Amino acid sequence: MTGSPKVFISHASEDKDRFVTKFAQRLRANGIDAWLDKWEMLPGDSLVAKIFEGIQQAQAVIVVLSKNSVSKPWVGEEIDAAFVRRVNGSSKLIPVIIDDCRIPECLRSTVYQRIANLDDFESASQNIVRAVFGNIERPPIGSAPFFLQNSIAIGSLNSLEIGILCSLCDYCISQNIERVDGPDLLKLFEALKIDEEHACVCLEILQNRGYVELLKIQGINIARAEPTIFGFHEYLHSTRIEYNTMLKRVALLVVNEHHMDGTKLCHCAGLPPLITSRIVQYFERKGWMQVTNSEVCGLSGFIIYRVSPELKRWLQDQ
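Counting in the numbering used here, the sequence shown runs from 549 upward without gaps.
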């Protein structure tokens, strides 16, 4: 709605001083052209013509319901006229209740605004202003949870399980760690907008399918989650389009540099240390190289001492 919408205020004269006048003033201060009889009529004007002219021109009719107004035949006539215009789609009809009183039958299915304190109705008046302008107030829409924002496919995992696996791996890479402890797990769940109970169920499914290893306290609370070599490989394969290039880069370095230690390999590969380490472990599991201390010393404490012809053959086929 543009401009200043016209609003007709139907009310009993007894309510004018105690509420209606200051209410109409509040509406006008908020950009609404409120029609009030004492502001619109001059000596010699036709009462009936002026009132129904005001109703006909109004984009909304506000009916002030009180113990005084519900018994007034004239207010009833104004409500009937406003109700017909609402049915025809010509205007809005907004009931404002200021007393405990009988609600007219035709308004009982209409959402109303109740005003409990006639000396302090700022919040209520703002609701009415929004209703007149058609400005519905809603909380902002945030982004969808991470696990629903992508079309990643990893095995037969569902989107929630994929989201947790990806978040675990991302966090491990960013922090250069191999596993995520309980407090940080809770932060990941919160960031994913997943409650702890559902997240723990998903982690157990990921463990059963070989994607993660879990450590529990007393068989219930998850104290630690670590992506497995298989889980890390599936994550990288599904989320990094350059993953095959990473594999080839590490394989070439290993083939060309015999007895390479992990620290040097991580430096030469130019990849995050955890990714380099997991690629080496992936090749080792396939039997394409032999490594000392890969499980014990973690990210860079291994030494590659034998390369299988299978790794060389794989490189040739790339």
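For glycine and all other residues, C-beta sits at the position ideal for the given N, C-alpha and C. Predicted model only: the values in this text are computed from it and were never measured.
task = Compare the beta carbon distance of ILE557 and VAL612 with 8 Å and say whether it is the shorter of the two.
result = Indexing the sequence shown from 1 puts residue 557 at position 9. Indexing the sequence shown from 1 puts residue 612 at position 64. Yes.
task = State the Cα-Cα distance for the pair ILE770 and ILE742, rounded to the nearest angstrom.
result = Within the sequence shown, the letter at position 222 stands for residue 770. Within the sequence shown, the letter at position 194 stands for residue 742. So the two alpha carbons sit approximately 15 Å from each other.
key: ILE500 (DSSP reduced to helix, strand or coil)   = Coverage of the chain is limited to positions 549 through 866, which leaves residue 500 absent and any answer about it impossible.
query = Just the Cα atoms here: how many angstroms apart are THR879 and GLU832?
reply = For the chain, the structure presents residues 549 to 866; residue 879 sits outside this window and is missing.
key: Three-pair Cβ contact test at 8 Å for the region 772–779 versus the region 727–735   = Cβ pair count under 8 Å is three or more, so yes.
task = Please report the Cβ distance between ALA572 and LEU584, rounded to the nearest whole angstrom; I am assuming they are in contact, meaning their Cβ atoms lie under 8 Å.
result = Sequence index remark: in the sequence shown, residue 572 carries index 24 (1-based). Sequence index remark: in the sequence shown, residue 584 carries index 36 (1-based). In this structure ALA572 is in contact with LEU584, their Cβ atoms being roughly 5 Å apart against a cut-off of 8 Å.
request  = For THR787, I'd like the list of residues in its chain whose CB is within less than 7 Å of its CB, leaving aside the five on either flank, ordered along the chain.
outcome  = Numbered from 1 along the sequence shown, position 239 holds the residue referred to as residue 787. The answer, listed in chain order, is ILE700 and CYS714.
message = Among SER707, PHE737 and SER657, whose alpha-carbon lies nearest the alpha-carbon of TYR719?
response = In the sequence shown, the residue the question calls residue 719 occupies position 171. The shortest C-alpha separation from TYR719 is found at PHE737.
ask   = Out of curiosity, what's the CA-to-CA distance linking ALA606 and GLY690?
value = Start at 1 with the first residue of the sequence shown, and residue 606 comes out as number 58. Start at 1 with the first residue of the sequence shown, and residue 690 comes out as number 142. As the crow flies, the alpha-carbon of ALA606 is around 37 Å from that of GLY690.
query = Among PHE778, ILE580 and HIS559, which has the Cα closest to the Cα of LYS834?
reply = Taking the first residue of the sequence shown as position 1, residue 834 is located at position 286. For LYS834, the nearest C-alpha among the options comes from PHE778.
request  = Count the other C-beta atoms from every protein chain shown that fall within 10 angstroms of the C-beta of LYS796, then say buried if there are 16 or more, exposed otherwise.
outcome  = In the sequence shown, residue 796 corresponds to position 248, counting from 1. Classification for LYS796: exposed.
key: Sufficient close CB pairs (3 or more, under 8 Å) joining the region 662–672 to the region 643–650   = yes
ask   = Across which residues does DSSP place SER558 in a beta bridge pair?
value = To locate residue 558, count along the sequence shown from 1; it is residue 10. Its beta-bridge partners are VAL611.
request  = Provide the residue span of the beta strand (DSSP E) that contains TRP587, from first to last.
outcome  = Taking the sequence shown and counting its residues from 1, the one referred to as residue 587 is at position 39. First-last for TRP587: 585–588, but that is the alpha helix (DSSP H), not the beta strand (DSSP E).
Whole-angstrom distance between LEU734 and ASN675, CA atom to CA atom = In the sequence shown, residue 675 corresponds to position 127, counting from 1. In the sequence shown, residue 734 corresponds to position 186, counting from 1. Going from the Cα of ASN675 to the Cα of LEU734 covers about 39 Å.
ask   = Which whole-angstrom value describes the C-beta separation of ALA582 and LEU590, a residue pair presumed to lie in contact below a C-beta threshold of 8 Å?
value = Position 34 of the sequence shown, counted from the start, is the residue given in the question as residue 582. Position 42 of the sequence shown, counted from the start, is the residue given in the question as residue 590. In fact, because the Cβ distance is near 18 Å, the residues do not count as touching under 8 Å.
request  = Let me know the secondary structure DSSP gives SER619 once reduced to three states.
outcome  = Here residue 619 refers to the residue found at position 71 when the sequence shown is read from its first residue. In this structure, SER619 counts as helix in the three-state DSSP scheme.
inquiry  = Give me, in chain order, the residues of the same chain whose beta-carbon lies closer than 6 Å to that of PHE669; leave out the 5 immediate sequence neighbours on both sides.
reply    = Stepping through the sequence shown from its first residue, residue 669 is reached at position 121. The residues are ILE663.
Cα-Cα separation, SER842 to GLN829 = Sequence index remark: in the sequence shown, residue 842 carries index 294 (1-based). Sequence index remark: in the sequence shown, residue 829 carries index 281 (1-based). No answer about SER842 holds up, because its pLDDT of 48 lies below 50 and its placement is not dependable.
ask   = Who pairs with ASP581 in a beta bridge, going by DSSP?
value = Sequence index remark: in the sequence shown, residue 581 carries index 33 (1-based). Answer is LYS554, bridged to ASP581.
query = Since VAL680 and VAL555 are thought to touch, with beta carbons under 8 Å apart, how far apart are those beta carbons, to the nearest angstrom?
reply = Translated into the one-based positions of the sequence shown, residue 680 becomes position 132. Translated into the one-based positions of the sequence shown, residue 555 becomes position 7. That belief holds up - the Cβ atoms of VAL680 and VAL555 are roughly 6 Å apart, short of 8 Å.
query = So, using beta-carbon positions, are LEU859 and TRP836 closer together than 8 Å?
reply = Counting from one through the sequence shown, the residue named residue 859 turns up at place 311. Counting from one through the sequence shown, the residue named residue 836 turns up at place 288. For the pair LEU859 and TRP836, the CB atoms are nearer than the 8 Å cut-off.
inquiry  = Helix, strand or coil, according to DSSP, for THR793 in the structure here?
reply    = Taking the sequence shown and counting its residues from 1, the one referred to as residue 793 is at position 245. Residue state, collapsed to three classes: helix.
Counted within 10 angstroms of its Cβ, other Cβ atoms place TYR759 as buried (16 or more) or exposed = Locating residue 759 in the sequence shown gives position 211, where the first residue counts as 1. Buried: at least 16 other Cβ atoms inside 10 Å.
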